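Asks: Just so we're aligned: the sequence shown equals residues -23 to -1, 1 to 387 in mature numbering (1 follows the signal peptide of the UniProt record, and there is no 0).
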Amino acid sequence: MPMSRPPFALAMALCLACSPALAADPSAEDLLKQAQAEQAHYLDTLKTLVSVDTGTGTEPGLRQVSGELVKRLKALGAEVQTHPAKPSVGDNIVGTFKGTGSKDFLLMVHYDTVFVPGTVAKRPFRVEGERAYGPGVADAKGGVAMILHALKLLQDQQFKGYRTLTVLFNPDEEMGSAGSKQIIAELARKHDYVFSYEPPDKDAVTVATNGINRLKLQVKGRSSHAGSAPEEGRNALTELSHQILQLKDLGDASKGTTVNWTLAKAGEKANIIPALATAEADMRYSDLSETDRVAADAKRIVQKPLIADTQTSVTVEKGRPPLARNEGSTQLAETARQLYSQIDRKIEPIAMRFGTDAGYAYVPGSAKPAVLETMGVVGAGLHADDEYIELNSVAPRLYLTVAMIRKLAQ
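And the structure:
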């Protein structure tokens, strides 16, 4: 004869059986349906964010959106801190959620845009057909809204399977993240996984991005009268032209490295042989060794002058680092592919030619954190008048964030 269960033990068993922690995980189909139901709220949030001018350095707009983001994070249950993004304008906003698991996640994206004050009035948020338009709608306010509403879905599911879930919104990515790169790097090193929410232009996640450097070239010559005594001068402009031609092949297509001379300046008046000339180049690269290689090659090449008695110097100034190809990002992309296949959709890993804040989060030679870029909404026309997002990508991308966190937290 079976033993009867004591009332207390029976009550405890019933409580445990009903506990959310032991409840069956929702299916991929259920998660997608919840994301689809959230899409209208996502678009409301996106309209609110896009309807404020937040060009980098636009203090009133950045302050207004910052206040909105702080309010929304607190409403979701986050502990929120703000940090001035000096020397940039605006605040870095950090929201922290504590869970019961063992994995730490950082979700990050910027809330500044490239557009000047008055742009919103000229091109307000609008929905036409299967697209939504507006300044910064994809880059990256669509990503800001993606984070907020993925958090809302996790909250609705009462999911706390992470140890720490941190959100970082920064105000200065479009100008190089001078006031946020340090906090990005510091926070990233405290987390197992970093998701960055720049927009892809198709259903893709990014496993590698380019770094950005600047080359500066300077030529010193000697001034003289351009009409009566040009031979007494040493024309810095002519020498600069010579050096730029010598340096035109610094890039390496096999490694994806490009070096393009984009700015030049020489002289003050047309009747004076210029004594000083300068130029700058944009360098993009993904191979971490390329910075030293380009610097060494450039310094060697400029030792061959055209005009005697001129002095040429070239320097490489490091900017945003790359997210180099690495196993951690590759594995995250494979997890994304598997989860997307569960809702009968395909997603592919890509490498981007432009640089993002994911480069500051990546730690070369370390498996932690694993970094994945372009977790935001699908869109295109970035920095242009016709910037847009694809509405049919909103729910699947919301699903992706939620499913990734739930899967990786296990």
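All residues carry an ideal CB built from backbone N, CA and C; glycine is no exception.
Small disclaimer: the values here were computed from a predicted structure and weren't measured.
1. Using only alpha-carbon positions, find the residue among P64, A155 and A285 that is nearest to G210.
2. What's the gap between the Cα of D149 and the Cα of Q319?
3. Nearest to V236 by CA position, among L227, Y19 and V29, is which residue?
4. So, using beta-carbon positions, are G233 and A213 closer together than 7 Å?
5. Can you name the start and end residues of the alpha helix (DSSP H) that K24 belongs to?
6. Does DSSP classify I189 as helix, strand or coil?
7. Find out if the Cβ-Cβ distance for the pair I87, N147 is shorter than 7 Å.
8. From D89 to G342, what does the alpha carbon distance come to, in whole angstroms?
9. Just confirm the distance between the C-beta atoms of A252 and S200, as a whole number of angstroms; I'd bet it's less than 8 Å.
10. Roughly how many angstroms lie between the CA atoms of E350 and V291, to the nearest whole one?
11. Specify the secondary structure class of L(-2) as computed by DSSP and reduced to three states.
12. Could you give the residue range of the alpha helix (DSSP H) that holds P37?
13. Relative to the C-alpha of G332, which candidate in A55, G34, G54 and M152 has its C-alpha closest?
14. Taking three-plus beta-carbon pairs below 8 Å as touching, is the region 20 to 37 in contact with the region 63 to 75?
15. Run through DSSP, which three-state label would P299 get?
16. Just curious, the alpha helix (DSSP H) that S173 is in, first and last residue?
17. Per DSSP, what kind of secondary structure is T90 in: helix, strand or coil?
18. If I follow the unbroken alpha helix (DSSP H) through E267, where does it start and stop?
19. Buried or exposed: R374, going by 16 or more other Cβ atoms within 10 Å of its Cβ?
20. By alpha-carbon positions, which one of L222, R270 and E216 ends up nearest to M244?
21. Give the range of the beta strand (DSSP E) segment to which E257 is assigned.
22. Considering only residues of the same chain and omitting the five flanking positions on each side of D116, which have a CB-CB separation below 6 Å?
23. Which residue wins for smallest C-alpha separation from Y339, given the options K10, H168 and V104?
24. What is the DSSP secondary structure of L240, reduced to helix, strand or coil?
25. Should V93 be labelled buried (16 or more other beta-carbon atoms within 10 Å of its own) or exposed?
Replies: On the basis of the data shown:
1. A285
2. 36 Å
3. L227
4. no
5. A5 to V27
6. strand
7. One detail in the question is off: residue 87 reads as His in this sequence, not Ile. A contact, by the Cβ cut-off of 7 Å.
8. 31 Å
9. 4 Å
10. 33 Å
11. With a pLDDT of 42 at L(-2), under the threshold of 50, the modelled position of this residue cannot be trusted; read the value that follows with caution. If DSSP states are grouped into helix, strand and coil, L(-2) belongs with the helices.
12. E36 to A52
13. M152
14. yes
15. coil
16. Careful: S173 lies outside any alpha helix (DSSP H), inside the beta strand (DSSP E) at Y170 to S173.
17. strand
18. E267 to I278
19. buried
20. A quick correction: the sequence has Gly, not Met, at residue 244. For the residues L222, R270 and E216, the minimum Cα distance to G244 belongs to E216.
21. L253 to Y262
22. P176 and L359
23. H168
24. strand
25. exposed
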